[in-house]
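Heads up, the thing below is written out as structure tokens.
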Amino acid sequence: MEKYIVETRNLKKYYQMGENTVKALDGVDFRVKDQEFVAIIGKSGSGKSTLLHMLGGLDVPTEGEVLVEGKCLLGLKKEQLAIFRRRKIGFIFQNYNLVPDLNVYENVILPVELDGRKVDVEYVDGILELLGLSEKREALPGTLSGGQQQRAAIARALAAKPAIILADEPTGNLDSVTSHDVLGLLKMAARQFSQTLILITHDRDIAQLADRIVHIENGKIVGDTRKGSDSYA
Amino acid sequence: MDWLMCVMMIILFAAVLVLLWKNYRIKKEAKSFAEKVEDALDAIVTGKEWNLEEELEDSLWGRTGTQLAKAGHVFRKKEEDGFREKERVKGLISDISHQTRTPIANIKLYLELLEDEEFSQNGQEFLEKIKGQVEKIDFLMQSMVKMSRLETGILQIHKEDQNLYETIRHAVADVVPEAALKGIDLYVNCEENMMIRHDSKWTEEAIYNILDNALKYTEPGGKIHIQTERQELFFKISISDTGKGIAPERQAEIFTRFYREPEVHDKPGVGIGLYLARTIMELQKGYIEVQSEMGKGACFRLYFPVNES
Amino acid sequence: MLKNPNQKVIKRMARNALKENRRKTITLFLAVLLSSFLVFTIFTVGDSYFRFQKIQNIRMSGAEFDAIMYGVTDEQKQMCENNPDIVLTGTAGVCGWVEKTDQDSTPNVGLIWADDGYWTQMMEPVREKLEGSYPTALDEIMVTKSALKECGYEDLEVGDTLDMSYGTQKGIFTGTFRISGIWDGYGPKKQFFVSKEFYDQSGCKLSEASSGRYFMDFKQKIMTKTQQNAFIESMNLGKQQNLFFMGDLGASVQILAGIIGLIVVTCLCAYLLIYNIMYLSVAGKVRYYGLLQTVGMTEKQVKKMMRDQMFLIGSAGTVIGCLSGGLVSFFLIPVVVKSLGIKSGYVGAEMIRFHPAVLLVTILLVGVTLLLACQKPAKMAADISPIEALGYRPTHKIVKARKVGKRKVIAGLSLRQFTKDKKRTAVVLLSLAASLSVYLCIVTMLDSQAARTIVSNYMDTDMVITNDTACKEKSEDRRDILDDSFVKSIKENTGVSEVHSVEFAEITVPWEPDFAEMWMKEFYAKWMSVPYSQDRDEYQNHPENFGSSLIGIDEQEFDYLNNSLEHPINKENFLCGKACIVYRNGLDFADADIIGKNVTCALYEDQQTTKTFVIEGVTDENYYTALLGYPPTIITSDQVVNTFANNPIRLKTGIKYHKEYDRDTEQEILSLLEENDNAKDFSWESKIEDADEIEKAQGYMPQVGIGIVLILAFIGIMNYMNTFVVNVQSRMTELSVMESIGMTPKQLLGMLVREGILYVGGAWLVTLTVGLGGTYLLYESMNYRGITFSVPILPFLFTVGISVLVCTMIPVLTWVILEKNGTVVERIKGVE
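Residue numbers (the UniProt record's numbering), protein chains in the order written: chain B, 1 to 233; chain H, 1 to 309; chain X, 1 to 832.
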């Protein structure tokens with residue numbers, strides 16, 4: 001049996017909105033192999049973000065379970081989930097979610113520092129350099145443009161060298177050239193640190209860069225195409 | 001004020017006790033931490049499966065352990081990558097040798113056909129030279145295939161309980177004609193019944209290679225002795241010649257791939273025989289050694305493990 | 001398990017958060033500073049008070065002891081020495097007096113002997129100077145400068161000699177004494193300490209109550225009345241022996257209770273403020289805390305971050321609070337301690353000392369308050385689910401659909417805002433109410449202090465005028481200066497409602513075998529050092545040498561006195577002169593021993609005129625005493641006295657005004673007294689003067705009380721202000737939307753003012769129920785005179801006004817300041 005780094009079983013998430021029940025996820029079975037690069041595409045409101053939150057242990061499913069490295073997230077306490085996130089997961093949020101009273105550099109190294117680890121200064125500097133944020137190290141997030149905040153968020157996700165990177169529209173605010181550079185960076189980092197990369201996008205071009213494209217519609221997986229294994233080319 | 005002093009003393013005393021206790025705990029925990037790190041490193045080094053239970057604990061070990069697990073994971077991935085890379089290279093070599101076999105066979109065929117043709121003196125001479133070189137290429141290719149197959153484990157060593165005497169006999173039988181031609185005497189001094197776990201086909205190859213090597217470096221009129229001896233842990237085959245010997249500084253080198261003694265460049269050979277012999281011995285969990293002095297001949301010894309499950 | 005050393009980033013973030021939210025930080029800092037200041041100051045003042053009190057007690061009594069016994073037998077001494085509860089005992093013996101010296105014919109100096117326990121140990125704390133040593137020889141004395149001065153030999157030094165004639169039980173002697181030592185300090189100083197030898201020769205015995213003084217120092221410092229009585233019982237006191245305990249716990253317990261009460265309220269106020277600020281700050285930063293958790297901050301780390309913030313603020317605030325508290329205490333202690341009844345003669349400001357335990361307790365108390373206050377908000381922050389951070393916009397709990405009523409919209413909005421977060425509202429109300437309650441309490445207590453505690457005048461009269469001549473020994477010196485015309489002129493004063501006079505006539509009580517014999521026997525046993533048998537003949541033959549007094553009182557006074565009796569008597573019999581009441585004079589008679597017996601009295605100047613009463617009542621009230629003779633003082637009606645005696649004298653006159661504390665009437669009566677020819681022979685006790693005295697004694701207490709109130713009020717107002725600023729801030733969009741759809745600024749401010757009024761109304765509601773209730777209880781517990789409870793109306797109205805003003809102005813000011821942040825549209829968009 002092949003081992004999956006991320007696996008969901010019959011994952012469901014229902015919200016109560018007044019009289020109506022909104023089915024954000026409706027029985028999703030989704031498996032990701034180690035070091036796979038998966039792109040999830042779908043319309044807004046199709047449940048892709050909810051799925052991503054579930055994988056990162058941010059949200060609790062109505063039904064079903066999420067397994068990461070064979071461990072079921074449902075049984076974990078809040079405390080453990082937080083540790084899980086800072087050690088295993090690198091999040092890149094659509095709306096950046098940078099901590100407003102910390103500057104860019106502090107934001108980037110926050111997950112590492114929270115874990116008490118030594119910051120790999122060279123590596124972080126390298127990432128900031130690559131993302132064009134070297135000049136903005138000391139800037140507070142509020143003073144940055146959307147694109148810069150997005151890049152800071154990406155740097156934060158990479159800084160801790162997590163096993164899994166979950167990205168929600170990571171290039172939503174970047175121009176197409178930068179988008180491709182950023183994707184390249186993500187792929188490169190994923191290779192270097194044997195990371196698994198799951199990203200949500202609505203950009204077909206970006207999705208093409210992935211090993212696998214999963215299509216979500218109305219809370220269900222409606223398509224799953226795998227490219228030929230070219231990761232060692 | 002007395003009670004105040006009393007309280008102070010008690011607090012001080014308690015503080016000292018707490019500090020001592022903390023010190024003790026830290027020492028104990030540091031030890032246990034080190035042990036855990038060692039266990040983890042052992043597991044990573046030996047490639048064993050290793051589960052970190054404290055992965056989601058906000059403790060020092062939880063943090064370091066997670067990093068170690070990550071490192072182990074990356075190591076394994078890298079190892080797998082390397083392995084795959086090697087496989088690819090092996091495939092390449094085997095493909096090359098496979099693909100060159102037919103053209104070489106054809107060249108050989110055409111050369112034989114050409115021999116029937118009339119050539120000038122020079123033409124004849126060149127033809128002979130071409131023939132020699134083709135033979136060499138053929139031999140080289142075959143050796144390389146053998147080598148790569150052995151190294152990559154495509155060819156497996158199958159060890160069985162067999163009579164080593166038979167194996168030696170076959171190997172010696174292969175060199176007898178050449179020895180006779182060169183006027184070298186072969187002496188075999190073995191028990192006739194030596195049941196040892198080994199792969200007879202590859203062992204024969206190894207012995208042959210050593211004998212072949214001995215013949216090569218022994219002047220006509222020399223002697224080659226083959227002797228066996230059962231020791232406590234190993235079974236030993238000694239093959240000694242009366243050749244020119246090997247300089248001590250080269251003794252380690254002679255087992256490497258494509259090594260050739262500088263003085264014998266004109267003689268045929270690609271320097272692969274001893275390398276193969278050593279590989280074969282190692283794969284059988286035995287080993288090979290050489291003892292020599294310049295001008296006094298060389299003695300190669302092959303050791304097979306006796307008690308091996 | 002080794003801890004993960006990941007605290008550094010948490011500390012840094014805590015510091016960062018404090019820097020970012022400067023307003024919150026400053027408010028918290030002030031809260032901690034003020035509360036630790038108050039707690040420290042109150043504790044220091046309290047500690048000083050109790051210490052001063054102890055020192056004063058020791059110095060006033062001249063030695064450190066808990067109980068004193070007059071007269072001690074060897075047996076009792078043995079008992080006390082064997083008693084494990086008694087740490088130390090000391091004995092002293094009064095054995096004579098200095099009759100005269102060459103320099104002074106009336107030196108007022110006693111001779112006393114002290115044993116080692118008393119002299120070296122018990123007197124040690126009061127001695128400030130000591131030269132020489134305790135006398136060992138018969139003719140040696142230990143003196144003080146003031147005793148020497150009394151004898152007219154101020155300049156004598158150790159080793160000098162002093163000629164004096166002295167008296168002991170055995171008579172008057174003269175002798176030359178060598179001064180073996182001079183000491184100085186506190187306590188009775190007009191004494192010469194003499195040697196043991198001298199005492200033994202003086203003829204005094206320790207077992208006599210007039211000579212022996214036995215001092216005991218108990219292990220247990222605080223003893224209940226029952227314990228004290230049990231001990232006294234166990235000593236088997238002789239007739240004349242007496243045992244007194246020194247400490248009176250009453251006032252100390254009250255002061256202690258007051259200190260604890262103030263500290264509890266202070267901590268409560270600080271708690272409420274800190275809690276509310278933290279609560280609001282967490283509630284407004286849900287996204288922030290959620291965010292930190294998505295990035296991997298654990299619950300523990302979130303809590304740690306909050307606690308670190310508290311620790312930083314707490315340590316800075318406490319240090320500065322305690323420092324300033326120490327500084328202020330230095331000036332405050334002398335003022336407050338004096339007001340609490342410590343006399344300046346015995347302790348000085350230089351004795352102020354800061355007890356390390358006070359610092360410790362303050363830190364502990366403030367620390368615990370802080371910890372408790374941030375506990376809940378920290379938990380709240382830790383409980384925020386990270387998913388809330390992703391799409392969070394501060395929304396309030398879903399409010400159930402409201403009935404559409406006819407209520408006015410704006411009023412409804414104010415009320416809804418007030419009741420939306422009930423907990424927060426309650427916290428703010430409580431915080432405001434706490435300071436208002438303390439204010440109410442302090443003002444009421446200070447205002448009524450005089451009224452509650454004055455117990456000076458009998459029958460609660462406003463003034464008692466006494467005829468000082470009435471008690472002169474020689475009857476010819478006695479004049480009836482409180483005559484009818486004078487009393488009449490007092491009565492005619494419009495401010496006077498009642499006048500009660502006490503008549504007095506000197507009498508003798510002729511010997512008879514029953515009551516008179518019994519009385520005299522007991523009297524001699526109790527009060528005299530000579531046995532009754534020695535004087536009995538003289539009493540039988542010359543009763544005129546044993547004068548006593550007949551007291552006449554009017555009907556109202558009788559009613560009052562009768563009410564206070566254990567066994568009330570028949571009024572008819574009393575008024576017509578059949579029955580009388582006898583003053584007990586401290587004798588060991590039970591009511592039953594005396595009641596029913598007949599007592600006969602004769603006019604002093606005319607022994608033949610006698611009158612016999614049946615004793616129906618016994619009183620301990622010493623208001624009705626004139627000349628205290630050996631025989632009993634007899635109280636009867638004024639009619640009886642006037643008919644029986646030839647020339648009775650009006651002893652005293654009690655005056656009651658229509659209005660209590662009527663200064664005008666008092667003034668008129670005083671001028672009447674002054675205008676009288678016999679002005680010099682009157683003395684009077686005035687309730688108003690006593691009240692003024694008490695008010696004077698309060699010193700700066702009102703100011704100190706107001707200071708405490710101001711600090712508490714400041715904390716309460718900060719709490720309120722903080723709530724409102726956050727409140728208005730978070731409703732900025734809502735308010736701006738209202739403005740955009742046509743609410744005029746006036747209406748908007750009206751709404752905010754209404755909210756403020758709701759708060760101030762609520763706070764007063766709590767104050768007037770809980771606060772007033774507490775004040776009432778406290779009032780009653782210290783109400784010795786059954787004065788009706790009343791709150792001073794002026795300060796009350798003043799505070800109501802101030803509080804309404806403050807509570808309505810803060811929301812308005814907040815809005816006015818925040819409104820400047822931009823146009824309506826900008827403001828609507830402004831909130832993220």
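For every residue, glycine included, the Cβ atom is placed at its ideal position computed from N, Cα and C. On a predicted model such as this, the values are computed, not experimentally measured, just so you know.
Any C-beta of chain B sitting closer than 9 Å to the C-beta of residue i?
i: ASN6 (chain X); result: yes
i: LEU292 (chain X); result: yes
i: GLY326 (chain X); result: no
i: VAL9 (chain X); result: yes
i: GLY296 (chain X); result: yes
i: PRO386 (chain X); result: yes
Could you tell me the alpha carbon to alpha carbon distance between residue i and residue j, rounded to whole angstroms?
i: GLU498 (chain X); j: VAL753 (chain X); result: 54 Å
i: VAL119 (chain B); j: GLN149 (chain B); result: 21 Å
i: THR168 (chain X); j: PHE613 (chain X); result: 43 Å
i: residue 318 (chain H); j: ASP39 (chain H); result: This structure gives no information on residue 318 (chain H), because the portion of chain H shown stretches from 1 to 309.
i: LYS54 (chain X); j: ASP484 (chain X); result: 51 Å
i: GLU36 (chain B); j: ASN173 (chain B); result: 25 Å
i: TYR134 (chain X); j: ILE141 (chain X); result: 8 Å
i: ILE165 (chain B); j: GLY142 (chain B); result: 25 Å
What would DSSP say about residue i, mapped onto helix, strand or coil?
i: LYS3 (chain B); result: coil
i: ALA139 (chain B); result: coil
i: ASN51 (chain H); result: coil
i: LEU111 (chain X); result: strand
i: LYS680 (chain X); result: helix
i: SER448 (chain X); result: helix
i: TRP97 (chain X); result: strand
i: GLN16 (chain B); result: strand
i: ASP29 (chain B); result: strand
i: residue 344 (chain H); result: Any question about residue 344 (chain H) goes unanswered here, given that chain H covers just 1 to 309.
Please look up how many angstroms separate the CB atoms of residue i and residue j, rounded, as I've assumed it's under 8 Å.
i: ILE200 (chain B); j: LYS23 (chain B); result: In fact, because the Cβ distance is near 18 Å, the residues do not count as touching under 8 Å.
i: LEU774 (chain X); j: SER437 (chain X); result: Inspection of the sequence shows that residue 774 (chain X) is occupied by Gly rather than by Leu. Going by Cβ atoms, the distance from GLY774 (chain X) to SER437 (chain X) rounds to 7 Å, so yes, they are a contact pair.
Any beta carbon of chain H sitting closer than 9 Å to that of residue i?
i: ARG393 (chain X); result: Residue placement at ARG393 (chain X) cannot be trusted, given a pLDDT of 43 that sits under 50; the coordinates are not used to answer.
i: ALA679 (chain X); result: no
i: ALA129 (chain X); result: The residue you asked about is not Ala; residue 129 (chain X) is Lys in the sequence shown. Closer than 9 Å: no.
Chain X beta carbons: is any one of them nearer than 9 Å to that of residue i?
i: LEU52 (chain H); result: no
i: LYS161 (chain B); result: no
i: ASN20 (chain B); result: no
Kindly indicate if chain D contains any beta-carbon less than 9 Å away from that of residue i.
i: VAL74 (chain H); result: Here chain D cannot be found, since the structure's protein chains are B, H and X.
Sufficient close CB pairs (3 or more, under 8 Å) joining the segment 503 to 515 of chain X to the segment 561 to 581 of chain X: no
Is it a yes or a no for the segment 361 to 368 of chain X touching the segment 304 to 323 of chain X, going by three-plus beta-carbon pairs under 8 Å? Segments in contact, yes.
Decide if the segment 545 to 558 of chain X is in contact with the segment 634 to 650 of chain X; the criterion is three or more beta carbon pairs, one per stretch, under 8 Å apart. yes
Sufficient close CB pairs (3 or more, under 8 Å) joining the segment 253 to 265 of chain X to the segment 75 to 94 of chain X: no
With three or more C-beta pairs closer than 8 Å as the rule, is the segment 425 to 441 of chain X touching the segment 649 to 656 of chain X? Because the criterion of three Cβ pairs below 8 Å is not met, the segment 649 to 656 of chain X and the segment 425 to 441 of chain X do not touch.
Between the segment 697 to 712 of chain X and the segment 25 to 38 of chain X, do at least 3 Cβ pairs fall closer than 8 Å? yes
With contact counted as at least three CB pairs below 8 Å, one residue from each stretch, are the segment 680 to 698 of chain X and the segment 414 to 423 of chain X in contact? By the Cβ test, the segment 680 to 698 of chain X is not in contact with the segment 414 to 423 of chain X, since fewer than three Cβ pairs between them sit closer than 8 Å.
Below 8 Å, how does it come out for the segment 142 to 150 of chain H and the segment 184 to 196 of chain H: are there three or more Cβ pairs, yes or no? no
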